[in-house]
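See below for the structure under consideration.
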Amino acid sequence: MTKPTLADLTAFSAVAAHRSFRRAADSLGVSRSSLSHAMLALERDLGVRLLNRTTRSVAPTEAGEALLTRLAPVLRDLDEALDAVADARGNPSGTLRINANESAARLLLRAAVPRFLTRFPGMALDLVSEGRLVDIVEQGFDAGVRLGESIPRDMIAVRISDDLRFVVVAAPSYLAGRTPPVAPDDLRDHICIRQRLPSGKRYRWEFSKHGQEVTIDVPGALTLDHNGLMAEAAADGLGLAYVPESTARDRLDDGRLVTVLDDWCPFIPGLYLYYPGHRHVPAGLRAFIDVLKEIGREL
């Protein structure tokens, strides 16, 4: 039996964790075909089938699960040992993968990313911005950034922004001659700009006041999937929009938009960077968190 290399075992662990050759290849920075060939070679060298493959998925066999159980702590210990060396040098290296929505990515790019990459030249940052909430472990990310209320409970979270709120906005020209809504139910008599979520579902506007929560499936002929476009459409007089206050701030300041239902739009937990609490935290992620905390103390 040919003894497998560390690279082969690491690749097998990634495929088993992701249950996908494509996602594992992305996390390792290799092509899907080369990863598939490497796994076939590993199985041939060991003389046992490690992975069950179908056209849609891949999963460890019983032998693969047994190997993974013994392999996981070994790879974790190795990662910790290498990180200890990086810490001693004060210079972590490698690639840090972070998943965030667009607004969170913009926030990171303004301050944290430039400082992090300047301070740690051995690090590369792969920042993926997408609207849908993903399983960061399954998708091979080191961390994610989302609103506090969206973070899974088994994650460790680090605050990176103040609390925020969503507001209902409209152009003065739209409200001219109309009775402004004073309660969420009044929205049923207005033209609203609806929102399509990344999941494909339409967002139902959510409000809260003195412990009372109300959800409204607002009427409207126009549906958009981007907060910036919704604020722009509202400023053009196309109807009421429900967007983050920060998205509408410039138009609110210059009078192109005004808010309604303010007392039904409370603040909610802001943005947090989060990561799995049950896994070893790589040196690069710890360094990025330190940068975030440093910036937070300066504000």
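Residue numbers are given in the working numbering: position 233 of the sequence shown equals residue 235, and the series is strictly consecutive. Note that the Cβ used here is the ideal one computed from N, Cα and C, for glycine as well.
Hey, residue i and residue j: beta-carbon distance below 8 Å or not?
| i | j | result |
| --- | --- | --- |
| VAL130 | ASN101 | yes |
| ALA250 | VAL147 | no |
| PRO94 | GLY286 | yes |
| PHE269 | ARG167 | yes |
| GLN141 | ARG25 | yes |
| ALA236 | LEU242 | yes |
| PHE23 | LEU52 | no |
| GLY222 | ARG258 | no |
| ARG112 | PHE143 | no |
| MET125 | GLY279 | no |
| GLY239 | ALA173 | yes |
| HIS282 | ARG78 | yes |
| ARG303 | GLY272 | Residue 303 is absent from the structure shown; the chain starts at 3 and stops at 301. |
| SER29 | ALA16 | yes |
| ARG198 | LEU226 | yes |
| ASP252 | LYS211 | no |
| LEU177 | SER152 | no |
| ALA107 | TYR276 | no |
Contact check, residue i vs residue j under 8 Å by CB: the rounded distance?
| i | j | result |
| --- | --- | --- |
| VAL171 | VAL245 | 6 Å |
| GLY150 | TYR274 | 5 Å |
| PRO186 | ILE218 | 5 Å |
| LEU109 | SER163 | 6 Å |
| ALA27 | LEU70 | The Cβ separation is near 18 Å, so there is no contact. |
| ASN54 | ALA61 | 5 Å |
| LEU42 | PRO6 | Not quite, the Cβ-Cβ distance comes to about 12 Å (not below 8 Å), so this is no contact. |
| VAL220 | LEU263 | The pair is not a contact, with the Cβ atoms about 12 Å apart (cut-off 8 Å). |
| ASP128 | THR97 | 6 Å |
Which residue or residues does DSSP assign as beta-bridge partners of residue i?
| i | result |
| --- | --- |
| ASP128 | ARG99 |
| ASN93 | According to DSSP, ASN93 bridges with nothing at all. |
| PRO62 | LEU53 |
| ALA145 | ILE100 |
| THR225 | ARG196 |
Stretch pair the stretch 112-120 + the stretch 279-299: three plus CB contacts closer than 8 Å: yes
In chain order, each alpha helix (DSSP H) run of at least 4 residues that lies wholly inside the stretch 149-221: 174-177
Could you pull out every unbroken beta strand (DSSP E) segment of at least 3 residues lying fully inside the stretch 233-297, listed in chain order? 243-246, 260-262, 273-278
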